[in-house]
Amino acid sequence: LKAVEIMKLRHLVVLQNKIDLVGEVKAHDQYRQVRAYLDNIALNVPIVPISAQLKRNVNYLLEYLLHIPMPVRQLKAPVRMTVVRSFDINKPGEGDIERLKGGVAGGTVTQGVIKVGQVVEIRPGLVRSRSTNEQGGRFTYSPLKTRTVTLKAENNVLQYAIPGGLIAVGTTLDPTLTRQDKMVGNMLGEEGTLPEVYCEIEVQYYLFSEMVGAKSKDGKSTAKRVQKLNVLESLQINVGTLTAGATVLNITQDPEIAKLELVTPVCCSTGEQVAISRMVDKTFRLIGWGTIRRGVPMKQSS
Numbered sequence: 178l179k180a181v182e183i184m185k186l187r188h189l190v191v192l193q194n195k196i197d198l199v200g201e202v203k204a205h206d207q208y209r210q211v212r213a214y215l216d217n218i219a220l221n222v223p224i225v226p227i228s229a230q231l232k233r234n235v236n237y238l239l240e241y242l243l244h245i246p247m248p249v250r251q252l253k254a255p256v257r258m259t260v261v262r263s264f265d266i267n268k269p270g271e272g273d274i275e276r277l278k279g280g281v282a283g284g285t286v287t288q289g290v291i292k293v294g295q296v297v298e299i300r301p302g303l304v305r306s307r308s309t310n311e312q313g314g315r316f317t318y319s320p321l322k323t324r325t326v327t328l329k330a331e332n333n334v335l336q337y338a339i340p341g342g343l344i345a346v347g348t349t350l351d352p353t354l355t356r357q358d359k360m361v362g363n364m365l366g367e368e369g370t371l372p373e374v375y376c377e378i379e380v381q382y383y384l385f386s387e388m389v390g391a392k393s394k395d396g397k398s399t400a401k402r403v404q405k406l407n408v409l410e411s412l413q414i415n416v417g418t419l420t421a422g423a424t425v426l427n428i429t430q431d432p433e434i435a436k437l438e439l440v441t442p443v444c445c446s447t448g449e450q451v452a453i454s455r456m457v458d459k460t461f462r463l464i465g466w467g468t469i470r471r472g473v474p475m476k477q478s479s
C-alpha cells in the first residue's frame, strides 16, 4: 500500500483474499484496517473480499476490472523495455553449435512497439571498473547491440509486443551474458534512443514518518520513526528493476536533495522515481522515495 501512495495510483481494486481461512470477526477487522489506511491517503477504492480457491466473489472482481480505464500507451515512441529477468535457455551438454540459442531477456515494454527482427540496444550492457590511476570516473560501460529473434508471452509466440504484461525477448547475444539474471536492471530499447548511464545521481527525496516493515524482537510489527539521512551513509535504492547500493555524498535542504554515488551504474531518465531503503537490524527497510533531478553521465568505452 505504500507503493500505491508513492506512485499516486488512483485506479485500483484491493483484494481481501483467503476469507475462507479466517472467521467473520477477523475478516471485518482486517477490512477496517485496510479501509482506515486508504481513507488516510484519500483513496476511495473498493475492497473486494474473495476466496480464489472456492471462487467466491470472483465475479464481482471481474466486474470491477471491466470498469478500470485502460492506461494511455505511447505506441509511437521509441521502444523501451526494463529487464526483469534474463536467461540462458540452452540445455547443458548440447554440443551442436547450430542448435545453440541466444540469450533471452524478460521484462515489460514501457513504451513503443518491439518487433521480431528489430535491432535493439541494451544499456549499460557491459560495465568495467577502472583502476585507481585511470582518468574519467570509477566505471566505463559498453552497450550491447543485438537483434530480436523471438518474442513470447507465456506460451504465445508473438510477432510484435506493446506495453503491458511480461514478455521474453530472444536475442542473438552470447547466452553467457544473460544467464543467472545478469542483465537484470538493464534497459532495452531502440538503438540510439536510450537515456544516459549514471554513476552519480541527485535525488529530491521524501522520507516516511515511520519505517515500513519494522518488527520487534518477538516478530510483531512495530512503529519506528525514520531518522534523517546522513552524509556518507550507505543506502539501497531501487530504480526501475535495478537494486543498487548508494553512498550519500551531499545533502541540501529546501528542497531536500541528496547526491548519491552508486555502486552499480544505472540507465535511467531524469524524473524517474526511486525507492530508498536503509539497513535496520541486518535487513533493508523502506524509508522513503524520491525523484531523480540530474546525474553524472558515465563515459562509454571506446
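Take the sequence shown: its letters are residues 178 to 479, numbered as in full-length UniProt numbering. C-beta atoms are modelled at their ideal positions from N, C-alpha and C, and glycine is treated no differently.
Closest Cα partner of residue i within the set the options
i, options, result
"residue 375", "315, 433, 210", "315"
"residue 471", "447, 388, 463, 401", "447"
"residue 298", "321, 284, 282", "321"
"residue 180", "278, 389, 382, 330", "389"
"residue 337", "370, 294, 305", "294"
"residue 444", "406, 438, 277, 475", "475"
"residue 408", "424, 402, 238", "424"
"residue 211", "420, 432, 201, 192", "192"
"residue 357", "207, 199, 266, 450", "266"
"residue 233", "202, 198, 244, 207", "198"
"residue 223", "188, 247, 304", "188"
"residue 349", "278, 332, 274", "278"
"residue 245", "319, 190, 458", "190"
"residue 405", "418, 430, 271, 330", "430"
"residue 240", "206, 225, 270", "225"
"residue 473", "385, 372, 458", "372"
"residue 274", "207, 216, 206, 351", "351"
"residue 301", "432, 231, 419, 438", "419"
Segment limits, beta strand (DSSP E) that includes residue i
i, result
"residue 405", "Per DSSP, residue 405 belongs to no beta strand (DSSP E) and is neither H nor E."
"residue 297", "296-306"
"residue 240", "No beta strand (DSSP E) holds residue 240; the alpha helix (DSSP H) holding it covers 235-243."
"residue 436", "434-444"
"residue 463", "460-474"
"residue 427", "419-429"
"residue 192", "191-193"
"residue 138", "The shown model of the chain, from 178 to 479, leaves out residue 138, and the question about it has no answer."
Extent of the continuous alpha helix (DSSP H) run through residue i
i, result
"residue 183", "179-184"
"residue 389", "Residue 389 -> not in any alpha helix (DSSP H); beta strand (DSSP E) instead, spanning 374-389."
"residue 209", "201-217"
Cβ shell of residue i (< 7 Å), same chain only, five flanking positions each side left out
i, result
"residue 452", "414, 415, 463, 466"
"residue 366", "255, 256, 257, 258, 297, 298"
"residue 480", "The chain is shown only over 178 to 479; residue 480 falls outside these bounds and no answer can be derived."
"residue 195", "228"
"residue 436", "377, 379, 426, 427"
"residue 454", "412, 413, 461, 462, 463, 464"
"residue 304", "316, 318, 442"
Beta-carbon proximity list for residue i, same chain, < 6 Å, skipping 5 on both sides
i, result
"residue 363", "260, 299"
"residue 354", "280"
"residue 360", "260, 263, 282"
"residue 182", "218"
"residue 449", "469"
"residue 440", "421, 422"
Spatial neighbours of residue i in its chain, beta-carbon cut-off 8 Å, leaving aside the 5 residues before and after
i, result
"residue 283", "260, 261, 262, 263, 264, 343, 344, 345, 346"
"residue 334", "327, 328"
"residue 369", "298"
"residue 434", "379, 380, 381, 382, 428, 470"
"residue 332", "none"
"residue 386", "402, 403"
"residue 185", "none"
Under the three-state DSSP convention, the category residue i falls into
i, result
"residue 227", "coil"
"residue 328", "strand"
"residue 277", "coil"
"residue 453", "strand"
"residue 412", "strand"
"residue 370", "coil"
"residue 317", "strand"
Residues bridged to residue i [DSSP beta-bridge criterion]
i, result
"residue 292", "337"
"residue 252", "Beta-bridge pairing links residue 252 to no other residue."
"residue 322", "298"
"residue 258", "286, 365"
"residue 263", "282"
"residue 357", "Paired residues: none, contrary to the question."
Proximity test, residue i beta-carbon vs the ligand FMN heavy atom, cut-off 7 Å
i, result
"residue 446", "Judged by which ligands are present, the structure shown has none, so any question about the ligand FMN falls away."
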